[in-house]
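Position in the sequence shown (from 1) plus 1113 gives the number in my numbering. Glycine is no exception: its CB is placed at the ideal position from the N, C-alpha and C atoms. These numbers come from a predicted model, not from an experiment. First comes the structure, then the notes that go with it.
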Amino acid sequence: MSTNNSELIKLAESELKDVFTRIEQVEYVVQERIIEAFRSERIAARHFNPTTGYGYDDEGRDTLDRLFAKAMCSEAALVVPQLSSGTHTLFAALSALLRPVDTLLCAAGQPYDTLLEAIGIQGKASGSLAEFGVKYEQIDLTEQGSIDMGRLSKALKIAPKVVYFQRSRGYAWRESLKPIDMQPAFELIKSVSPDSIIMVDNCYGEFTCTQEPTAFGADLIAGSLIKNPGGGIAHTGGYIAGRRDIIEAVANRITVPGIGREAGCYPAGYLPYYQGLFIAPHTVAQALKTSALFARVFELRGMQSMPASDSERSDIVQALRFDNKQQLIEFCRVIQSVSPVDSFVVPEPWAMPGYTDEVIMAAGTFIQGASIELTADAPIREPYTGYIQGALTYGHGRYAVERVLDALDNM
């Protein structure tokens, strides 16, 4: 690393001391809640045991559900290793709640790219919500990136079955939505259309704030276990948490109506899920510090970043703007090259299923696709914006910042 870049990183770290302290304070609050949940559920080695067949009376599964409910500030939760991704988890919940002629109202703009075909607002994928007669309405965020309360109030007159919020920025140049900032919208929905179900895509946001959206009025949150709440240890799966009656409805969809959450085994054993949840607050804090460092060094170089380095964050995603396509591609290649797994692989943009543009992804991870590990991705379109997230350790994140700066200097 060049001397100039070394000094730049040291300067950035000195300026981020208060930011790092704030991140650690959130970590301590969430860690205490999770430790207390472990203690109240009297977690023991028997809860980690594998199960087979129907999985009736699976103590590990049922206790893990209760543990996640407490961690997610919810009445009940489902933790399902068989859910393959965040998109799979979100779609499973939406499919459980929506019926023909029901309306899904997205109140925070267009959802993440991979959900577009699943909903049916793009492409012609078999089995989409649109194919089953579900209607779709959308309210974009304001120019300032906040929920448009005026338009939301008008849209609620149709009494949508589900009002859906995406907490994280996805591929949008905006701040992520903080749970407390969503509360006025939740209160408006309950006053105008009390039967509407408030659902939040919580991916990338878990444990970045002291409370989850359910603590502020959301009926349902959902996310992936190979993101924040798995702590970098969970191998696969998704979670859904919220109101007890809604969770029971989702369980009937995931298994069979009338059986619901009474069945479902996991022969591999539950240890990674318990251990992953326990370590998740610290892992998330490491990722947030990494994002803040990336943001600050880019700011010091006169480049754009979102959110700003001193922002209070609501997800682990850091957006970075580049001058041209080649810089963006090189950024992702550097992240891949400093990964502990597949560091020798050279990423190329490609037409990835579920995305509207070619996408380049850097993911040299122990668990395939785990974006709580240090990863980067970007759609190849103007303005050229890369998205970095994760880092199991701040040391790894710092090392990646060093190498990215060197690469930019050599272009």
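Rounded to the nearest whole angstrom, the CA to CA distance from GLU1325 to PHE1181 is 12 angstroms. Secondary structure note for PRO1394: its alpha helix (DSSP H) is the uninterrupted segment 1384-1413.
Contact check for GLY1350 and VAL1193: beta-carbon distance about 6 angstroms, within the 8 angstroms limit, so the pair qualifies. When the alpha-carbon of LEU1203 is set against those of ALA1376, LEU1333, SER1418, ALA1381, the nearest one is in LEU1333. When the Cα atoms are used, ILE1359 and GLN1138 turn out to be separated by approximately 32 angstroms.
If one requires a minimum length of 4 residues, the alpha helix (DSSP H) runs lying completely within the region 1416-1501 are 1438-1450, in chain order. Our two residues, ALA1464 and GLY1236, have alpha carbons roughly 14 angstroms apart in a direct line.
Between the region 1403-1421 and the region 1514-1523, the count of C-beta pairs closer than 8 angstroms reaches three or more; the two stretches touch.
Rounded to the nearest whole angstrom, the CA to CA distance from LEU1177 to TYR1387 is 7 angstroms. Counting only runs of 4 or more residues that sit fully inside the region 1263-1318, the alpha helix (DSSP H) segments are 1292-1305, in chain order. Counting C-beta pairs with one atom in each stretch, the region 1334-1342 and the region 1160-1178 have fewer than three that are closer than 8 angstroms, which means they do not touch.
Counting along the chain, LYS1130 sits inside the alpha helix (DSSP H) bounded by residues 1130-1153. One alpha carbon belongs to VAL1305, the other to ILE1448, and they sit about 47 angstroms apart.
With 16 or more neighbouring CB atoms inside 10 Å of its own CB, GLU1486 falls in the buried class.
In this structure the region 1437-1453 lies against the region 1485-1500, because at least three pairs of beta carbons, one per stretch, are closer than 8 angstroms.
Considered as a whole, the region 1350-1384 harbours 1357-1367 as its complete alpha helix (DSSP H) runs of no fewer than 4 residues, in chain order. In this structure, the straight-line span from the alpha carbon of THR1327 to that of GLY1355 is close to 6 angstroms. By the neighbour-count criterion, in which 16 or more other beta carbons inside 10 Å mark a residue as buried, ALA1157 falls on the exposed side. Counting every other CB atom within 10 Å of its CB across the protein chains shown gives VAL1369 a total below 16, marking it as exposed.
Leaving aside the five residues that flank GLN1296 on each side, the residues in its chain whose CB is nearer than 8 angstroms to its CB run, in chain order, PHE1329, GLY1330.
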